[in-house]
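Enquirer: Position one of the sequence shown corresponds to residue -8 (this note's numbering), numbered consecutively onward.
Can you read through this structure? Questions will come right after.
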Amino acid sequence: MFNIAVAQSGGPTAAINASLCGVFEAAQKYSEISTVYGALNGIEGILYDRLTDLSQIITTEHDKNLLMTTPSTVLGSCRYKLKDFGEDDSEYKKITETLNKHDIKAFFYIGGNDSMDTVMKLDDYFRENNIDIKVIGIPKTIDNDLPETDHTPGFGSAAKYVATSLQEIIRDSRVYSIPSITIVEIMGREAGWLTASSCVLRANGEPAPHLIYLPECEFSEKKLYHDIEKAQKQYKAVIIAVSEGIDCVRSKSGITDAFGHTYLSGVGKYLENIVRDHFGCKVRSIELNVMQRCGSHIASLTDLEEARRIGGAAVDEAVSRNNTGMMMTFARISNNPYRVGIVPVDVHKSANKARFFPKEWINEEGNNVTIDALNYFLPLIQGEPAIEFQNGIPVHFRLDQ
Ligand code: F6P
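As structure tokens, then:
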């Protein structure tokens, strides 16, 4: 008999708790696994021995159903970068101590590019020191920018939220007879996947957003004015989707996280001001901000089910196949019908790396995306989970209840 531990790390999504549920459920199938510990605030929970027995928290089927539809991380998260153990192994010793103290033989880390850095470093350390503890990464990020996987859990739900919100913004923007320009700022630090996914509205005959700007393309204010002028000839209310990561002068906070990423926010506001000055018409900007990460009321059922499945597959990988140092990935088998398989890949291939939106899916003008992009995105946003409501408000699973 042995125990396992799971933790959640990085920015929230609507599907991270679904992966936690998948880990917990899969572990229950193995008679050799005694306790599934949840570490609070990611790797910090292991470092400081803040563990909780998940069977004390997830006690009923109802708990699991609620977990599936509760966004963010019930165990809390972190943006914590481990030092290289060649330089300083004190954190690694502390981590090993906690894991040994609780007889934990496998550790599952649900996270994005930076969290895979933790998986990689821990696994390298354990191998080098002949410590028999398995480490497996379970992907997640609304940015969809993890290499090696077709897509990441959390992305489909964020894309569905973005498209739904944009559709509502479009309805709102068309009420007046006067010309207007609406700029919607969408997350995605380095890669434009989430902004590009706003093209899914086209599947329902909606031409907006009329312009889509991604970090993968060169951006210039002169070109933006030219594109808007052209769009205004056709549309009274021009709708623009812009990634927070586009390369332009904007209000950068100058503040960085532990992994050196700059907090990006405010490009929409910046563009609103210059576009208003230039065109002199009604201009509004909307920053979807953190709402797009936790919009579980409009989550994609496909996304939540896949997140649960990949969490379970991670446990099988470590326990049945005795594997370690892997990140679980999705491999798309077919688009119609949509089918994906789950494949483990060496975590070294995705840690600290970003996967960018394909150049060949961007139009020649660099201001929109192609039908191939639409075909890629559509299956990921399908299906709606049954949401429980109380007093007219969706019920969330909360540890502090
Ligand atoms: O997790 C990715 C992400 O959501 C990016 O899209 C965004 O730029 C960043 O996190 C925001 O970071 P934080 O959660 O630290 O505010």
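Ideal placement from N, C-alpha and C gives every residue a C-beta, glycine not left out.
Taking DSSP as the reference, what is the three-state secondary structure of serine 148?
Expert: One-based indexing of the sequence shown puts residue 148 at position 157. DSSP places serine 148 in helix when its eight states are reduced to three.
Enquirer: Among residues of its own chain, excluding the 5 on either side of proline 385, which ones have a beta-carbon nearer than 6 Å to its beta-carbon?
Expert: For the purposes of this step, residue 385 is taken as the residue at position 394 of the sequence shown. Closer than 6 Å at the Cβ level, and outside the excluded window around proline 385, lie His288, Ile378.
Enquirer: Reducing DSSP to helix, strand and coil, say where lysine 55 ends up.
Expert: Within the sequence shown, the letter at position 64 stands for residue 55. Note: lysine 55 maps to helix in three-state DSSP.
Enquirer: Using the C-alpha atoms, what's the distance from asparagine 8 back to threonine 64?
Expert: Within the sequence shown, residue 64 is the residue found at index 73, counting from 1. Within the sequence shown, residue 8 is the residue found at index 17, counting from 1. If I take the Cα positions, the gap works out to 6 Å.
Enquirer: Identify, in the order they occur along the chain, each residue of the same chain with its Cβ nearer than 8 Å to the Cβ of isoleucine 333, setting aside the five sequence neighbours on each side.
Expert: Here residue 333 refers to the residue found at position 342 of the sequence shown. Hits under 8 Å: Arg300, Ile301, Ala304, Met319, Thr320, Phe321, Ala322.
Enquirer: Any idea what DSSP makes of glutamine 283, helix, strand or coil?
Expert: Within the sequence shown, residue 283 is the residue found at index 292, counting from 1. Three-state DSSP puts glutamine 283 in a helix.
Enquirer: Going by alpha carbons, who is nearest to leucine 390 out of Asn358, Ile49, Ala232?
Expert: Along the sequence shown, one-based indexing puts residue 390 at 399. Per the Cα distances, Ile49.
Enquirer: Between the Cα of glutamate 119 and those of Ser171, Ile95, Gly77, spot the shortest distance and give me the residue it belongs to.
Expert: Here the question's residue 119 lines up with position 128 in the sequence shown. Answer by Cα proximity: Gly77.
Enquirer: Would you say arginine 346 touches ligand 1, meaning its beta carbon is less than 6 Å from a heavy atom?
Expert: Here residue 346 refers to the residue found at position 355 of the sequence shown. Incorrect: arginine 346 has no Cβ contact closer than 6 Å to ligand 1.
Enquirer: Between serine 164 and threonine 155, is the Cβ-Cβ spacing less than 7 Å?
Expert: Here residue 164 corresponds to residue number 173 of the sequence shown, with the count starting at 1. Here residue 155 corresponds to residue number 164 of the sequence shown, with the count starting at 1. No.
Enquirer: Identify, in the order they occur along the chain, each residue of the same chain with its Cβ nearer than 6 Å to the Cβ of glutamine 373, setting aside the five sequence neighbours on each side.
Expert: As a first step, residue 373 must be located in the sequence shown, where it is residue number 382. These residues qualify, in order along the chain: Thr293.
Enquirer: Report the CB separation of leucine 435 from valine 153 in whole angstroms; it is logged as a contact under 8 Å.
Expert: With the chain represented from -8 up to 392, any question about residue 435 goes unanswered, as that position is not in the structure.
Enquirer: For a quick check, are the C-beta atoms of alanine 30 and isoleucine 37 less than 7 Å apart?
Expert: As a working note, residue 30 is residue 39 in the sequence shown. As a working note, residue 37 is residue 46 in the sequence shown. Yes, the pair counts as a contact, with Cβ atoms nearer than the cut-off.
Enquirer: Along the chain, where does the alpha helix (DSSP H) that runs through methionine 107 open and close?
Expert: Counted from its first residue, the sequence shown places residue 107 at position 116. From DSSP, the alpha helix (DSSP H) with methionine 107 extends over 104 to 119.
Enquirer: Taking the alpha-carbon positions, what's the phenylalanine 388 to methionine 59 distance?
Expert: The residue you call residue 388 lines up with position 397 of the sequence shown. The residue you call residue 59 lines up with position 68 of the sequence shown. Distance between the alpha carbons of phenylalanine 388 and methionine 59: 9 Å.
Enquirer: According to DSSP, which residues form a beta bridge with alanine 322?
Expert: Mapped onto the sequence shown, residue 322 falls at position 331. DSSP, once it has assigned bridges, lists Gly332 as partnering alanine 322.
Enquirer: Within the present structure, is the beta-carbon of methionine -8 separated from the nearest heavy atom of ligand 1 by less than 6 Å?
Expert: Position 1 of the sequence shown holds residue -8. No - ligand 1 has no heavy atom lying nearer than 6 Å to the Cβ of methionine -8.
Enquirer: Between lysine 344 and proline 138, how many whole angstroms is the CB-CB distance? I'm expecting something under 8 Å.
Expert: Counting from 1 along the sequence shown, the entry for residue 344 is found at position 353. Counting from 1 along the sequence shown, the entry for residue 138 is found at position 147. 5 Å between Cβ atoms; contact.
Enquirer: Any idea if isoleucine 237 is buried or exposed, counting beta-carbon neighbours within 10 angstroms, 16 or more meaning buried?
Expert: Here residue 237 refers to the residue found at position 246 of the sequence shown. It counts as buried.
Enquirer: Look up valine 404 in the DSSP assignment and give the residues it is bridged to.
Expert: The first residue shown for the chain is -8 and the last is 392, placing residue 404 beyond what the model contains.
Enquirer: Determine the closest residue to serine 188 out of His142, Ala228, Glu209, His217, with distance taken between C-alpha atoms.
Expert: For the purposes of this step, residue 188 is taken as residue 197 along the sequence shown, with counting starting at 1. Cα-wise, what sits closest to serine 188 is His142.
Enquirer: Kindly indicate which residue of Ser276, Lys20, Tyr367, Asp114 has the alpha-carbon position closest to the one of asparagine 327.
Expert: Taking the sequence shown and counting its residues from 1, one reaches residue 327 at position 336. Of Ser276, Lys20, Tyr367, Asp114, the residue nearest in Cα terms is Tyr367.
Enquirer: Could you please give the first and the last residue of the uninterrupted beta strand (DSSP E) stretch that includes aspartate 44?
Expert: The residue you call residue 44 lines up with position 53 of the sequence shown. That run of the beta strand (DSSP E) goes 42 to 44.
Enquirer: Considering only heavy atoms of ligand 1, does any lie closer than 6 Å to the CB of isoleucine 180?
Expert: Reading the sequence shown from its first residue, position 189 is the one you call residue 180. Here the sequence assigns arginine to residue 180, which means isoleucine is not the residue at that position. Correct: arginine 180 has its Cβ closer than 6 Å to ligand 1.
Enquirer: Measuring only the C-alpha atoms, how far is serine 68 from isoleucine 219?
Expert: Here the question's residue 68 lines up with position 77 in the sequence shown. Here the question's residue 219 lines up with position 228 in the sequence shown. The alpha-carbon atoms of serine 68 and isoleucine 219 are separated by roughly 40 Å.
Enquirer: Since glutamine 19 is in the alpha helix (DSSP H), which residue starts that stretch and which ends it?
Expert: For the purposes of this step, residue 19 is identified with residue 28 of the sequence shown, where counting begins at 1. Glutamine 19 -> alpha helix (DSSP H) spans 7 to 19.
Enquirer: Enumerate in chain order the residues of its own chain whose CB-to-CB distance from threonine 315 is below 6 Å, with the five nearest sequence positions on each side excluded.
Expert: Reading the sequence shown from its first residue, position 324 is the one you call residue 315. These residues qualify, in order along the chain: Asp114, Lys125, Val126.
Enquirer: Can you find the residues in the same chain that come closer than 6 Å, C-beta to C-beta, to threonine 89, ignoring five residues on each side of it along the sequence?
Expert: For the purposes of this step, residue 89 is identified with residue 98 of the sequence shown, where counting begins at 1. Closer than 6 Å at the Cβ level, and outside the excluded window around threonine 89, lie Ile37, Asp40.
Enquirer: Would the beta-carbon of leucine 66 be found less than 6 Å away from any heavy atom of ligand 1?
Expert: Here residue 66 is taken as the residue at index 75 of the sequence shown, counted from 1. Result no, Cβ not under 6 Å from ligand 1.
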